[in-house]
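Numbering (mature numbering (1 follows the signal peptide of the UniProt record, and there is no 0)), first residue to last: -23 to -1, 1 to 833.
All C-beta atoms, glycine included, are put in the ideal place defined by N, C-alpha and C.
Presented below is the structure to which this report refers.
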């Protein structure tokens, strides 16, 4: 499972990461600290039977949002004299329970404990196989507690047109992870039992049914319905069973004779071909790298409405329909990350699955890291290091600063869903990258292949992964898992260097400065052990030295050199999760920014220069030197990410040299650099730059147009209103350019735009357009008595509907309009939320308040 990557969802995910614990200062006081209480320990549930096969036969009542059907479950006892069996089942009404031959059985539905208890006709033994047939109906949408923006669903979700969204497609989709499939069929709803499955569903034409495994039959019925029969003949965890009903067109590809199918909306076939063009190549890549050919009869990915990202249902991934985009979007971004993540799960999460939710990193961290390796394969090492390795580490550091701290593997949690956080995704992926570097390429891939083949079609735990590595490579990795997986934290290194010309020796002193946190109940490392690569550059060239950091406070490393080093890069390639304190003079940082072959070394040097530039005591000559070096990097660095970071580093810098460098960068070959340069220039409020922004409105990149529209609005140029309103009539994918125009008008603040905002805020417009219109109304409606009551009403409606685009837009609009009055409305809204969602809501409001206060 993977959340989507839109701006709003990224913001929300970042904030969600802070919910599991209350935020605390990073530094602890010297006085006694009370240890934080652990959540309760959760253990693998016991079972007295082994489920062998689930067969579902379903029809649907769209009006009541119900499934009506039969579940035929075959199981074998795991204990002697089994006379009663219990299945997870919730929000259902049961008509009958029988044996396969039709003999009735007594049953009891315990709704409070979400169980169906069946009394068997006699005592059965482990050598027996028993089949029960359960006739039932679901009772509308399941009662999973909703957060601020709803959930991924759970059980079955019915999508139908509404007054707010009359063009909404009719769909039914399921979501099983973590333990929500028992809301639509009785089962053992935990990941430590594998069974085969079968699904028969009858639906009205022109609907299609997509499920797991192979489509063995599709037939038209005399009553105008269609029946689809899917069979998944390889065992899997129950939560991976899925169904999607909707109107779709298949985009068919194949890998090695295996169908690879993307199901898209009939009016988005061409865009679907663009978005999913590389899926068959991804299947080939993962098959070849793991040494395990894609193991199922087909791979399908199907888009649905109102889904939070992606879900790796076995052989039948569910994707948000926002994964589909036009060719123009690919100038800025693709959906490859989401697509490759869910595909990687077919090996890591489906073929082998975590035995307990405590080990969810075996699913999510692997999928996140294999997503990164697809980036490495397709776009190269620099992109991999910058976007994936650095990106994963930074997500973890941000969560750590916010106070979310735990080991990757822990039995302590309140709800399984709590574990789908930064530790399950980017932190775990960052640890896998370190493991790959520690083992070496050959050993890494040998270990991965052995792990997959040894535990194929079985649930696994972390220790089994560790043992598989040792079996495949002979390398004992208990120290690595103890340090990085079972304990929390990371090292803080202070590095100093000294060159002795008489001995022609470079001495590096490495101190570990991290301290255990006495308020944390989880196990922690006092000191860390790790291999680290050190890049050393002299006038004669560059070399890479590999050393081992030992678990002690201080170490010294000695390197023979012919001359004084010009560059020393500690942790070449940036593999190690760490904080680095390595003080260097400006001249050395400038040299590293210009000459380091390691893209992350250049990024680090850029960050150090930016910090020095922002220091209050920076000397004028040094300031000019730094600006010149950053401007040179912006113009000349070979990698776009460094150029974009250089543009960001110059934002807010009052300097003609910085201004000129940013103006040149608005013509960079990479769209994301152009967009970032425009945003950096916009922060100056310089109205003379309006012609540059005006020209950028004609760019092919949506990201550039977004930046240019807001920048033009900030200039308050006399031509801005006419230019921005023109954007409202331009056709673009999902009305991206119209949204840019609304955002630009909000920055402009011209009261004439109020009626435009009111028009686009009405139901019938896409939610993202309406959200942008709400923000516009707040920006320009200060003198109109309708504005506050309208936005308050829209906020409350969005809150009830848990619609994130409308809620964020309404909050932003209220704050822009009247922050003081908004606080009361927003506080009332916060109290209407479930307790677990209130903190997240408050953080979102706080972020938007701060953004409003810092806007020009």
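Ranked by Cα distance from residue 365, the options 177, 100, 77, 552 are led by 552. Secondary structure at residue 310: coil, using DSSP grouped into helix, strand and coil.
When the beta-carbon positions are compared, residue 773 and residue 806 come within less than 8 Å of each other.
Under the three-state reduction of DSSP output, residue 672 falls in the helix class. When secondary structure is reduced to three states using DSSP, residue 223 falls in the strand class.
For residue 638, the CB contacts under 6 Å within the same chain, skipping 5 residues up- and downstream, are 608, 611 in chain order. For residue 458 against residue 439, the beta-carbon gap comes to about 7 Å, under 8 Å, which counts as contact. By the Cβ-count criterion, residue 55 is exposed, with fewer than 16 other Cβ atoms from all chains shown falling within 10 Å of its own Cβ.
In this structure, residue 289 places its C-beta atom within 8 Å of the C-beta atom of residue 319. In the structure shown, the three-state DSSP call for residue 281 is strand. The alpha-carbon separation between residue 656 and residue 643 amounts to approximately 10 Å. By the CB criterion at 8 Å, residue 529 and residue 468 fall outside the cutoff. DSSP, read as helix, strand or coil, puts residue 474 in strand. Counted as a single uninterrupted DSSP element, the alpha helix (DSSP H) harbouring residue 765 occupies residues 762 to 778.
Under the three-state reduction of DSSP, residue 707 is assigned to coil, being neither helix nor strand. When DSSP reads this structure, residue 533 sits in a beta bridge with 486.
The residue among 215, 141, 137, 155 with its C-alpha nearest the C-alpha of residue 163 is 215.
Spatial neighbours of residue 473 in its own chain (CB-CB distance under 6 Å, excluding positions within 5 residues in sequence) are listed in chain order as 486.
Residue 717 is classed as buried because its beta carbon has at least 16 other beta carbons within 10 Å across all chains shown. Between the C-alpha atoms of residue 547 and residue 569 there is a straight-line separation of about 12 Å. Of the residues assessed, residue 525 falls on the exposed side of the cut-off, its CB having fewer than 16 other CB atoms within 10 angstroms.
Ranked by Cα distance from residue 379, the first of 826, 816, 90 is 816. By the C-beta density criterion, residue 391 is exposed, having fewer than 16 other C-beta atoms within 10 angstroms. In this structure, residue 667 sits near residue 694, with a CB-CB distance shorter than 8 Å. Inter-residue distance for residue 503 and residue 376 is about 20 Å (C-alpha atoms, whole angstroms). Of all C-beta pairs linking the region 171 to 191 to the region 109 to 116, fewer than three are shorter than 8 Å, placing the two stretches out of contact. Note that the C-beta distance between residue 177 and residue 204 is below 8 Å. Secondary structure note for residue 408: its alpha helix (DSSP H) is the uninterrupted segment 405 to 416. Straight across, the Cα-Cα distance linking residue 188 with residue 218 is about 8 Å. The DSSP-derived three-state label of residue 739 is coil. Counting other Cβ atoms within 10 Å of its Cβ, residue 641 stays below 16 and is therefore classed as exposed. One alpha carbon belongs to residue 367, the other to residue 550, and they sit about 10 Å apart.
If you compare the alpha carbons of 136, 61, 147, 154 with that of residue 108, the shortest gap goes to 61. When Cβ pairs closer than 8 Å are counted between the two stretches, the region 228 to 241 is seen not to touch the region 207 to 214, the count staying below three.
At the C-beta level, residue 226 and residue 251 stay beyond 8 Å of one another. Listed in chain order, the alpha helix (DSSP H) runs fully inside the region 521 to 587 are 563 to 572, counting runs of at least 4 residues.
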